[in-house]
Amino acid sequence: MLRPKPPSRNSFDLRLLLIFVFSLAVAARLLPGARTIDDSYITFRYARNILAGNGFVYNPGERVLGTTTPLYALLLTSIGFMTGGPGAPFPQIALLLNAVADGFTAMLLLQLGRKFDAHLAGLGAALAWAIAPFSVTFAIGGLETSLYVLLLTATVAAHLAERRILATFLAALALLTRPDALILLGPLAVDRAWQIWISRRSLSRRVCRGIATEILAFLLPCLGWFTFAYLYFGNLLPHSIAAKSLAYRLEPLSALTRLVQHYTTPFLGHLTFGIPWIGVGLFIYPFFYLVGARKAWKAAPHAWPFLAFPWFYLITFAIPNPLIFRWYLTPPLPVYFLVILTGLQQILTTQLGRFRKGKIAPNQAQSPIELGRLQQAALVFFVLLTPVLLSLRGWTLTPDHGSRRPAPEMAWFKLELLYRQAASLLPPSPEQLDETSPVLAAGDVGVLGYYTSMRILDTVGLNSPISTNYYPADADLFVINYAIPPELILENLPDYIIILEVYGRAGLLKDTRFWENYQLRDKLSTDIYGSDGMLILERKR
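Okay, structure coming up:
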């Protein structure tokens, strides 16, 4: 009788590592707890309105797709349905969902490192991702970033494993999580099409049916959503994309500058070595990446779309020059971590190998065994420990606001706390949000929309298409990169307005017509963005 073959030691060790990196990623997000970002509350309000029977809307009766992440909204809605309905604790739901998603991403990075024949680099990338401030901050911030990154990484892993149907289905889910997934999905589709083309003469009926199933696995989810979006909203793309391109005023090349700075400090080395490190990173990280990409491509030629993704991503965002929100900087990081560390591992292995073989004269007192241990120690220190230690400099043990538990420094949400305080100072309104609710105008609408039962006039225009009619605004109105055009308020006359003073300093607050219609109800002290407080204004009756 044949006995099942016991698992190998390597297989057992791999499972332990997978469990470890998953657990580390989850723990690193549960430790600080939810520090929810304003934009997340927009998606939460969509989910809550669906559960309340108001439809897939931000304001009842207004069919506007203001969220860029329909899949994430529907996923939150599904979990919310099972955990409290409209009153579900969406910030906590998002935190747990994102923690698990990032845990799986860490596991996939470990596996991809093995695929690229760079086991240590895979573990280093997994550990760095697990605690990186740019991954933790937006997971605990409630954004869709963690789910999006997981789906992109899983699509690549399935593509390389030749699990074709799974890869195309995951690609569809990634696209429905964020439309900019096309930056990676387009090249992956090109690679798959090329594979089919070069084998076209040997395609059997069975293989052709498989290809047709691949296509359907992508098209059915996408066609389902886009058909609904066209019939329900009247368009296919989120309105927020057009609104953001109009509302903000930016200097030329500002997006490119921000992205280049980010790519030169993937592990936040400037926090340890100072600002000059940015100049060093400008050269060493692209070099490590080039070496790592070459090695990864040799090990897995069909990984080229994944290897090129950070650079396609940079070009795609640099050319239109949008306002680069911090969470836009996260999606390229998993592959960036992995390939940089693959290159570093390759360089160290080659150079230390030469040293060990005597091509570079060693200390005669050292034995080959000692040199081997030195090589292993150097690899562990530079490929595993250094990225983690550098990234940990971006954490603080005692944040000065919110929970006092350790958290990334960039998990800053003082503005969100201020908006929540402002929402509590508004007069009570009916608990049920409907078309008769009073109207509140604001430039940052997430927290205010979630914690008030008011209709929202989104002055940026993400959820209020009418606002885009007033942009681009006159340059004289801007003190920072955003300002509220006076006519937007004067022609729509919302019941309440909550804004940072700097949004209206050069225009709205200087307009005598505005003060004929509005009065200051309250003012909260703050200097955020150079503002002289947060203003709570109400319309005169």
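The sequence shown begins at 81 in our numbering and counts up by one.
Just so you know, even glycine gets a beta-carbon here, dropped at the ideal spot from N, CA and C.
Beta-carbon gap between residue i and residue j smaller than 9 Å
i: Gly-523; j: Ile-569; result: no
i: Thr-410; j: Ser-215; result: yes
i: Gly-141; j: Asp-591; result: no
i: Ala-208; j: Pro-467; result: yes
i: Ile-579; j: Leu-615; result: yes
i: Thr-422; j: Ala-198; result: yes
i: Val-229; j: Pro-414; result: yes
i: Phe-389; j: Ile-263; result: yes
i: Asp-556; j: Ala-586; result: yes
i: Ala-212; j: Leu-110; result: no
i: Tyr-499; j: Tyr-550; result: no
i: Thr-157; j: Ala-127; result: yes
i: Gln-101; j: Leu-189; result: Note that residue 101 is Val in the sequence shown, not Gln. Cβ distance < 9 Å, so Val-101 and Leu-189 count as in contact.
i: Ile-291; j: Arg-258; result: no
i: Pro-574; j: Leu-520; result: yes
i: Tyr-365; j: Tyr-343; result: yes
i: Ala-247; j: Leu-268; result: yes
i: Phe-308; j: Arg-143; result: no
i: Ile-420; j: Phe-368; result: yes
i: Ile-276; j: Leu-283; result: yes
i: Ile-404; j: Ser-334; result: yes
i: Asp-260; j: Thr-478; result: no
Residue i versus the options, residue with shortest Cα-Cα distance
i: Leu-424; options: Ala-373, Ile-159 and Gly-474; result: Ala-373
i: Tyr-329; options: Asp-554, Ile-578, Gly-584 and Leu-94; result: Looking at the sequence provided, one finds Arg at residue 329 rather than Tyr. Checked all of Asp-554, Ile-578, Gly-584 and Leu-94; the closest Cα to Arg-329 is Asp-554.
i: Lys-195; options: Ala-127, Ser-483, Pro-381 and Phe-397; result: Pro-381
i: Gly-482; options: Tyr-530, Gly-165, Gly-221 and Phe-136; result: Gly-221
i: Ala-254; options: Leu-573, Thr-233 and Tyr-531; result: Thr-233
i: Trp-377; options: Ala-398, Arg-621, Met-162 and Leu-192; result: Leu-192
i: Asn-572; options: Arg-535, Tyr-583, Pro-552 and Ala-210; result: Arg-535
i: Gln-512; options: Ala-132, Thr-235, Ala-108 and Arg-244; result: Ala-132
i: Leu-362; options: Thr-337, Phe-386 and Ala-251; result: Thr-337
i: Ile-99; options: Asp-182, Pro-112 and Pro-150; result: Asp-182
i: Gly-541; options: Leu-454, Ile-122 and Ala-323; result: Ala-323
i: Leu-497; options: Pro-486, Val-525 and Gln-456; result: Val-525
i: Leu-370; options: Pro-356, Gln-426 and Thr-345; result: Gln-426
i: Thr-345; options: Ser-517, Val-270 and Leu-470; result: Leu-470
i: Gly-610; options: Glu-581, Pro-507, Asp-480 and Leu-177; result: Glu-581
i: Leu-37; options: Phe-184, Arg-601 and Trp-492; result: This structure gives no information on residue 37, because the portion of the chain shown stretches from 81 to 621.
Alpha-carbon to alpha-carbon, residue j and residue i
i: Leu-223; j: Cys-302; result: 22 Å
i: Pro-448; j: Asn-401; result: Residue placement at Pro-448 cannot be trusted, given a pLDDT of 48 that sits under 50; the coordinates are not used to answer.
i: Gly-359; j: Phe-347; result: 14 Å
i: Pro-510; j: Leu-528; result: 15 Å
i: Arg-406; j: Thr-225; result: 11 Å
i: Trp-384; j: Lys-375; result: 11 Å
i: Trp-475; j: Leu-104; result: 15 Å
i: Trp-391; j: Pro-412; result: 9 Å
i: Arg-286; j: Glu-294; result: 13 Å
i: Ser-533; j: Pro-166; result: 13 Å
i: Tyr-562; j: Ser-325; result: 12 Å
i: Asp-612; j: Ile-577; result: 16 Å
i: Leu-428; j: Ala-206; result: 19 Å
i: Ala-252; j: Leu-151; result: 10 Å
i: Ala-297; j: Ser-320; result: 28 Å
i: Gly-304; j: Asn-134; result: 21 Å
i: Ile-278; j: Ser-547; result: 51 Å
i: Glu-596; j: Gly-584; result: 16 Å
i: Thr-116; j: Gln-431; result: 46 Å
i: Phe-558; j: Leu-231; result: 38 Å
i: Ala-458; j: Trp-357; result: 21 Å
i: Arg-484; j: Arg-95; result: 34 Å
i: Leu-537; j: Ile-122; result: 13 Å
i: Thr-235; j: Pro-486; result: 33 Å
i: Gly-349; j: Gly-204; result: 16 Å
Counterpart residues of residue i in DSSP-defined beta bridges
i: Ala-522; result: Asp-538 and Ile-578
i: Thr-476; result: Ala-487
i: Asn-139; result: Glu-142
Complete runs of the beta strand (DSSP E) confined to the stretch 252-289 [at least 3 residues]: Counting whole runs of 3 or more residues, the stretch 252-289 contains no beta strand (DSSP E) stretch at all.
Within the stretch 369-434, ranges of the alpha helix (DSSP H) (whole runs, at least 4 residues): DSSP assignment within the stretch 369-434 yields the following whole alpha helix (DSSP H) runs of 4 residues or more, N-terminal first: 384-398.
Contained beta strand (DSSP E) runs [length at least 3] in the stretch 582-618, N- to C-terminal order: Fully contained in the stretch 582-618 are the following beta strand (DSSP E) runs of length 3 or more, in chain order: 598-604.
Inside the stretch 104-167 only - beta strand (DSSP E) runs reaching at least 3 residues: Here no run is fully enclosed.
4-residue-minimum alpha helix (DSSP H) runs that sit fully inside the stretch 216-251, ordered along the chain: Complete alpha helix (DSSP H) runs here, min 4: 225-240.
Completely contained alpha helix (DSSP H) runs for the stretch 551-576, where each covers 4 or more residues: The alpha helix (DSSP H) runs lying completely inside the stretch 551-576 and spanning 4 residues or more are 566-572, given in chain order.
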